[in-house]
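Following: one structure in structure tokens, then a few remarks.
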Amino acid sequence: RKAVVSTQSTGEIAAAKPQAYRPPSSRHGQAAATRSLMPNVSDGVYKPGSDANRNQLSKQAQKNQRKRENRSKQNEEQQQKPAEPTMQELQPTIVDENQKKIKNLRKKLNQIEKLKEQVKQGKTLEKNQMDKIATENDLIAEIKRLEV
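Every letter in the sequence shown is one number past the one before it in the numbering used here, and letter 119, counting from 1, is 119.
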């Protein structure tokens, strides 16, 4: 530490006792009042919960509260719905299932057509491939039944 030099009234320079460090802002009297970055600070001491927004919830708490409210609304709506689905609700699923079956049957018909072309080219087929070709008429009948 450096010794602080002071002048006495006689003009002589004398060595004074070393003093504690003081930051520049606190030297030479009180510093100008500045706006604090923390709103809850008075006299240099932070006081949590003393701000004006004390009764307001934080953003996360508000978000959680909205989630809870929405969840309770959804639970109420589910309780009010009838347990058994109506025919109108089931109709689209039935149509979708029929369309899936028709699509799969047409895929099998395409495979049978490719197998028939292989037979025309003279390639010998295995037993399961021949059985598949034999089911062609059944597949066509099933497609017609589902399309109605």
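From the three backbone atoms N, C-alpha and C, an ideal C-beta is built for every residue, glycine too.
Predicted, not measured: the structure shown is a model, and the values here were computed from it.
- Look at the beta carbons and you see the stretch 96-108 not touching the stretch 64-77: under three pairs across the two are nearer than 8 Å.
- Going by DSSP, S72 is part of the alpha helix (DSSP H) stretching over K59 to Q80.
- For L146 against I112, the beta-carbon gap comes to about 18 Å, at or over 8 Å, which does not count as contact.
- In this structure, the beta-carbon distance from L139 to Q129 does not fall below 9 Å.
- No residue range can be given for L125, since it is assigned to no alpha helix (DSSP H) and is classified by DSSP as neither H nor E.
- Collapsing the DSSP output to three states places R145 in a helix.
- Taken through DSSP and simplified to helix, strand or coil, Q99 comes out as helix.
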